[in-house]
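Enquirer: Numbering (the numbering used here), first residue to last: 350 to 560. Sharing a structure here in structure tokens format.
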């Protein structure tokens, strides 16, 4: 995903050196035996940062407590997207349980690297609050003092994550990815049909001019 690559490169630029650990597109087993996939997880003395990345253009409407938001892309097609705030909160709960620390000690972020406009009550959460734009906020994370966790704690957390990730085989990861794709396809409505219909119209017009 383009959006995730943009964020992962910026995270690695700032947090690659030292004792920090940057995990991009990480899938691991939860204590309940299920799997969870996190776009970006940073473990450092500056803090633990759980980041959900979107790359959306168009218009997004919804309330922070809605399970799904309405998304209209630049072609005018409307679909539903699962509330990324819910998604991110779920990831934080899993990381909290995995590392044995309170959820309050994990900082959560949702960022959109696209140009989508936010409407309804999620607009007031845009910017300095729950929803970020682009990757500029990562620089502010890097500026934080090394006071959130000790070096020993960071090392222990990294060992726990490495062990849990190691136990995930490729089939399990693929199953998780396919499940998410099925959900997204179900919620995308007629977007693909609309694209096929548009392509058909273009081909008909081209054929008319060639005759």
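Each residue gets a CB set at the ideal place from its N, CA and C atoms; glycine is no exception. The model shown is predicted, which means the values in this text are computed figures rather than measured ones.
Determine whether the beta carbon atoms of residue 392 and residue 487 lie at a separation below 8 Å.
Expert: Mapped onto the chain shown, residue 392 falls at position 43. Mapped onto the chain shown, residue 487 falls at position 138. Contact: no.
Enquirer: If you compare alpha carbons, which of 512, 426, 362 and 406 is closest to residue 490?
Expert: Start at 1 with the first residue of the chain shown, and residue 490 comes out as number 141. If we check each option's Cα against that of residue 490, 362 comes out closest.
Enquirer: Taking 8 Å as the CB-CB limit, is residue 392 close to chain D?
Expert: The displayed structure is made up of one protein chain only, and chain D is not part of it.
Enquirer: Tell me the residue span of the beta strand (DSSP E) that contains residue 482.
Expert: Residue numbering aside, residue 482 sits at position 133 when the chain shown is read from its first letter. Run containing residue 482: 480-482, per the beta strand (DSSP E) assignment.
Enquirer: Using C-beta distances below 6 Å, list every residue in its chain close to residue 370, excluding the 5 sequence neighbours before and after it, in chain order.
Expert: Mapped onto the chain shown, residue 370 falls at position 21. Counting only Cβ-Cβ distances below 6 Å, and skipping sequence neighbours, we find 392 and 507.
Enquirer: What does the alpha-carbon distance come out to for the pair residue 429 and residue 418?
Expert: By one-based count along the chain shown, residue 429 stands at place 80. By one-based count along the chain shown, residue 418 stands at place 69. Approximately 6 Å between the Cα atoms of the pair.
Enquirer: How is residue 515 classed by DSSP in three states: helix, strand or coil?
Expert: The sequence position of residue 515 within the chain shown is 166, counting from 1. It is helical.
Enquirer: Thinking C-alpha only, which one of 351, 379 and 358 is nearest residue 443?
Expert: The sequence position of residue 443 within the chain shown is 94, counting from 1. Residue 379 is the option with its Cα nearest to residue 443.
Enquirer: State the Cα-Cα distance for the pair residue 539 and residue 464, rounded to the nearest angstrom.
Expert: What you label residue 539 is simply residue 190 of the chain shown in a count that begins at 1. What you label residue 464 is simply residue 115 of the chain shown in a count that begins at 1. Confidence is the limiting factor: at residue 539 the pLDDT is only 45, short of 50, which leaves the residue's position unreliable and the question unanswerable from this model.
Enquirer: Give the range of the alpha helix (DSSP H) segment to which residue 436 is assigned.
Expert: Mapped onto the chain shown, residue 436 falls at position 87. 433-448 is the span of the alpha helix (DSSP H), which, as asked, contains residue 436.
Enquirer: For residue 401, count neighbouring Cβ atoms within 10 angstroms of its own Cβ and tell me buried if that reaches 16, exposed if not.
Expert: Your numbering for residue 401 matches position 52 in the chain shown. Label assigned to residue 401: buried.
Enquirer: Look at the Cβ atom of residue 373, then the Cβ atom of residue 462, and state whether they are nearer than 8 Å.
Expert: Against the chain shown, residue 373 aligns to sequence position 24. Against the chain shown, residue 462 aligns to sequence position 113. No.
Enquirer: In whole angstroms, give me the CA-to-CA distance for residue 359 and residue 415.
Expert: One-based indexing of the chain shown puts residue 359 at position 10. One-based indexing of the chain shown puts residue 415 at position 66. Between residue 359 and residue 415, the C-alpha separation is close to 30 Å.
Enquirer: Of all the options 515, 447 and 495, which has the alpha carbon lying nearest to the alpha carbon of residue 368?
Expert: Position 19 of the chain shown, counted from the start, is the residue given in the question as residue 368. With distances taken between Cα atoms, residue 368 lies closest to 495.
Enquirer: For residue 515, count the other beta carbons within 10 Å of its own beta carbon; 16 or more makes it buried, fewer makes it exposed. Which is it?
Expert: In the chain shown, the residue the question calls residue 515 occupies position 166. When all chains shown are included, residue 515 counts as exposed.
Enquirer: Just mark residue 365 as buried or exposed, buried being the case when its beta carbon has 16 or more other beta carbons within 10 Å.
Expert: Mapped onto the chain shown, residue 365 falls at position 16. Residue 365 is exposed by the Cβ-count criterion.
Enquirer: Leaving out the 5 sequence neighbours to the left and right, which residues in its chain are closer than 6 Å to residue 406 when beta-carbon positions are compared?
Expert: One-based indexing of the chain shown puts residue 406 at position 57. Within the same chain, residue 406 has close Cβ partners 423, 463, 464 and 465.
Enquirer: Could you give the distance in angstroms between the alpha-carbon of residue 447 and the alpha-carbon of residue 469?
Expert: Numbered from its first residue, the chain shown carries residue 447 at position 98. Numbered from its first residue, the chain shown carries residue 469 at position 120. Taking the straight line joining both Cα atoms gives about 35 Å.
Enquirer: Between 452, 500 and 482, which has its C-alpha nearest residue 569's C-alpha?
Expert: Any answer about residue 569 is impossible in this case: the structure gives the chain only from 350 up to 560.
Enquirer: Would you kindly check if the distance between the Cβ of residue 450 and the Cβ of residue 441 is under 8 Å?
Expert: The residue labelled residue 441 in the question sits at position 92 within the chain shown. The residue labelled residue 450 in the question sits at position 101 within the chain shown. In this structure, residue 450 does not lie closer than 8 Å to residue 441 by Cβ.
Enquirer: Assign residue 425 to buried or exposed, taking buried as 16 or more other Cβ atoms, counted over all protein chains shown, within 10 Å of its Cβ.
Expert: The residue labelled residue 425 in the question sits at position 76 within the chain shown. Residue 425 should be labelled exposed.
Enquirer: Figure out for me which residue from 505, 410, 460 and 408 has the closest Cα to the Cα of residue 355.
Expert: Your numbering for residue 355 matches position 6 in the chain shown. Of the candidates 505, 410, 460 and 408, the one whose C-alpha sits nearest the C-alpha of residue 355 is 460.
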